[in-house]
Amino acid sequence: MLPTKEFLDRAIEATLDLNVDEACEIAYEALELGIDTQYLLEHGFHAALSLMKGLFDEGRIYLPHMIVAAEAVEAATTVLMPASKKNSLIKSKGIVLLGTIEGDIHSIGKDIVATSLQIDGYEVIDLGVDVPIETFVEEAIKVHPDVIATSALMTITMTNQLTLEESLKEAGIRDKLKTMVGGTPVTSEWAKEIGADIYGDNASDAVRKVNSLMWPEKEEALAINKKNCSENVCY
């Protein structure tokens with residue numbers, strides 16, 4: 001069941017108010033009501049975190065506010081994750097090796113994508129921020145991921161996404177996996193230019209495209225079901 005607008009607004013307000021306890025209460029209530037946890041996280045808690053990031057970039061709030069807001073979302077995610085995993089396939093849908101590219105220390109966008117993929121049933125190996133190209137390649141050889149996802153939040157670090165593509169080819173493993181790029185300055189044109197398989201505009205888009213790439217038939221069926229549900233106002 002999809003959450004109502006009022007329920008989503010409560011999740012957003014709890015995050016903006018830096019209210020960790022309220023975020024947890026909303027998460028527990030969602031479990032009791034049988035609300036779609038992925039939808040609640042994406043359009044409620046994660047949406048609020050994106051709003052907070054915008055305020056931070058504008059200088060209207062400060063780092064301590066961002067930290068507590070992230071803690072509120074993390075607390076809600078901890079409550080919702082077990083239920084999401086219980087309702088998903090026991091076998092992982094795939095392995096995603098993820099990290100913020102070398103030279104970049106931003107983590108919020110990456111963290112949201114990582115959480116969203118985990119909730120959707122993927123095993124996510126998060127390498128963190130400022131990850132050297134060599135580390136991506138070494139880990140890829142070691143764990144054999146289905147997808148390598150990189151985030152670049154600055155224009156000057158975008159070129160490292162191209163370097164990674166070249167390094168994967170040199171290591172002889174580029175054709176054995178898919179790559180996804182994202183981040184504020186990154187575009188679909190850039191992804192095509194460097195040869196990446198997927199451009200993730202946001203967390204929801206990233207999950208949808210990874211699913212379409214790895215499970216095309218299931219994703220198409222899901223899209224049809226959601227369309228039918230929307231037309232019949234399924235709430």
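Following full-length UniProt numbering, the numbering of the sequence shown begins with 1 at its first residue and continues without gaps.
We treat Cβ as the ideally placed atom computed from N, Cα and C, and that holds for glycine.
Contacts around residue i, its chain only, beta-carbon distance under 8 Å, and the 5 residues preceding and following it disregarded
| i | result |
| --- | --- |
| Leu-153 | Thr-100, Asp-104, His-106, Gly-109, Gly-183, Thr-184, Pro-185 |
| residue 236 | A question about residue 236 goes unanswered here, because the residues of the chain that appear run from 1 up to 235. |
| Met-66 | Met-52, Lys-53, Phe-56, Ile-108 |
| Thr-155 | Pro-185 |
Backbone secondary structure at residue i - three-state DSSP
| i | result |
| --- | --- |
| Lys-92 | Per the sequence shown, residue 92 should be read as Ser rather than Lys. Here Ser-92 sits in coil by DSSP. |
| Glu-6 | helix |
| Leu-98 | strand |
| Tyr-62 | coil |
| Ile-105 | coil |
| Val-129 | coil |
Reference residue i, options the options, closest by Cα
| i | options | result |
| --- | --- | --- |
| Thr-4 | Ala-30, Leu-16, Glu-25 | Ala-30 |
| Leu-1 | Gly-172, Asp-36, Leu-80, Val-207 | The sequence as given places Met at residue 1; Leu does not occur at that position. It is Asp-36. |
| Met-81 | Ser-92, Trp-190, Leu-41, Lys-209 | Leu-41 |
| Ala-76 | Phe-45, Thr-135, Ile-61 | Phe-45 |
| Thr-135 | Met-158, Ala-171, Met-66 | Ala-171 |
| Trp-190 | Asp-175, Asn-160, Lys-176, Ile-173 | Asn-160 |
| Thr-157 | Ile-141, Asp-205, Glu-102 | Glu-102 |
| Tyr-39 | Ser-204, Asp-21, Asn-19 | Ser-204 |
Proximity below 9 Å, CB of residue i to CB of residue j
| i | j | result |
| --- | --- | --- |
| Lys-178 | Leu-213 | yes |
| Val-181 | Tyr-199 | yes |
| Leu-16 | His-43 | no |
| Ile-12 | Ala-48 | yes |
| Ser-188 | Asp-175 | no |
Sequence-distant residues of its chain with Cβ nearer than 7 Å to residue i (five each side left out)
| i | result |
| --- | --- |
| Val-143 | Ile-95, Leu-97, Ile-125 |
| residue 243 | Only positions 1 to 235 of the chain appear in this structure, which leaves residue 243 out of reach. |
| Glu-138 | none |
| residue 237 | Given that the chain is displayed from residue 1 to residue 235, the structure contains no residue 237 and the question cannot be resolved. |
| Val-131 | Gly-99, Thr-100, Ile-101, Glu-102 |
Residue-level contact to chain B via CB, residue i, 9 Å cutoff
| i | result |
| --- | --- |
| Thr-77 | The structure shown has no chain B; it contains just one protein chain. |
Same chain, Cβ closer than 6 Å to residue i, neighbours up to 5 away in sequence not counted
| i | result |
| --- | --- |
| Ser-151 | Thr-100, Gly-109, Lys-110, Gly-182, Gly-183 |
| Leu-162 | Ile-194 |
Review point. Counting pairs of Cβ atoms below 8 Å between the region 185-201 and the region 153-173, do you hit three or more?
Key: yes
With a threshold of 8 Å, are at least 3 pairs of Cβ atoms found where one atom belongs to the region 52-61 and the other to the region 110-117?
Touching, no, given that fewer than three Cβ pairs across the two stretches are closer than 8 Å.
Does the structure place the region 66-74 close enough to the region 119-127 that three or more beta carbon pairs sit under 8 Å? Contact fails: fewer than three Cβ-Cβ distances are below 8 Å.
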